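K.L.:
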Amino acid sequence: MTSKLDQIEQILAQTALMQQAHAEAIARIDTRLDRFAAETERRLAANERVAEETERRLAAVESFTEQMTEQMAIQQQAHAEAIARIDARLDRFAEETDRRISALEMALKNFTEETDRRLAGLETSMDNLSRQVDNTARTVDAVGLTLENSIRQADRDRAQINRIWEYLMRQTPNGDSPTS
């Protein structure tokens, strides 16, 4: 029976060794689990900080987006108002341009009519002037003929006077002047 007891002691010793090995393994596992838990806690804390930072940044982005949306709405409103003002100015410019074009067309029409009247008057004046020039030319021709006739007559009269003078000079004794 001693051998049975030895066997039981041996089994108990082995069991104690196994329990010791299991206890050491459990201690190692506990240590690893503690380190894992600490690392997990650290990572969870870091994740919470990241989550808080992300939330903060998201809030900032949302705020920025809202501000940008408001600014864009304000700018769009300003652009719409500026476009409306430009449209109104363009409409006034178009109306003024149409008015000026109408005035220019009327002025051109009046100028053309006045020019036509003046041209007709000039044509009449030119016709009258042409007739006057023709009449003046005929008058000049007539005066020229009259002058030629007067010159011929004066030449004949001078010749006659010279003949009479010579005759009288021959008739006076001593060649004295007939008037002396």
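Quick note, this note's numbering runs 56 ahead of the 1-based positions in the sequence shown.
Where is the CB? At the ideal position from N, CA and C, for every residue including glycine.
Computed from a prediction, not measured in an experiment: that's the story for all the values here.
#1: Look at the alpha carbon of Arg99 and the alpha carbon of Ala93, and state the distance between them as a whole number of angstroms.
#2: Where Arg219 and Gly200 are concerned, what is the direct C-alpha to C-alpha distance, given to the nearest angstrom?
#3: For Arg210 and Glu204, what's the separation of their Cα atoms in angstroms?
#4: Going along the chain, which residues of its own chain have a beta-carbon closer than 8 Å to the beta-carbon of Ala116, five neighbours each way excluded?
#5: Report the rounded CA-to-CA distance for Phe167 versus Asp147, giving the unit in angstroms.
#6: Assign Thr228 to one of three DSSP states: helix, strand, or coil.
#7: So within the segment 85-116, which uninterrupted alpha helix (DSSP H) runs reach at least 4 residues, ignoring any that extend past its ends?
#8: Between the C-alpha atoms of Asp172 and Ala198, what's the straight-line distance to the nearest angstrom?
#9: Just list the beta strand (DSSP E) runs in the segment 152-204, keeping only unbroken ones of 3 residues or longer that don't cross its boundaries, in chain order.
P.N.:
The short version:
#1: Approximately 10 Å between the Cα atoms of the pair.
#2: Cα to Cα, Arg219 sits roughly 28 Å from Gly200.
#3: The sequence shown places Ala at residue 210, rather than the Arg named in the question. Taking the straight line from one Cα to the other gives about 10 Å.
#4: Contacts found: none.
#5: Whole-angstrom Cα-Cα distance: 29 Å.
#6: The three-state secondary structure of Thr228, taken from DSSP, is coil.
#7: As far as the segment 85-116 is concerned, it has no whole alpha helix (DSSP H) run of at least 4 residues.
#8: Cα to Cα, the separation comes out at about 38 Å.
#9: The DSSP assignment places no complete beta strand (DSSP E) segment of no fewer than 3 residues inside the segment 152-204.
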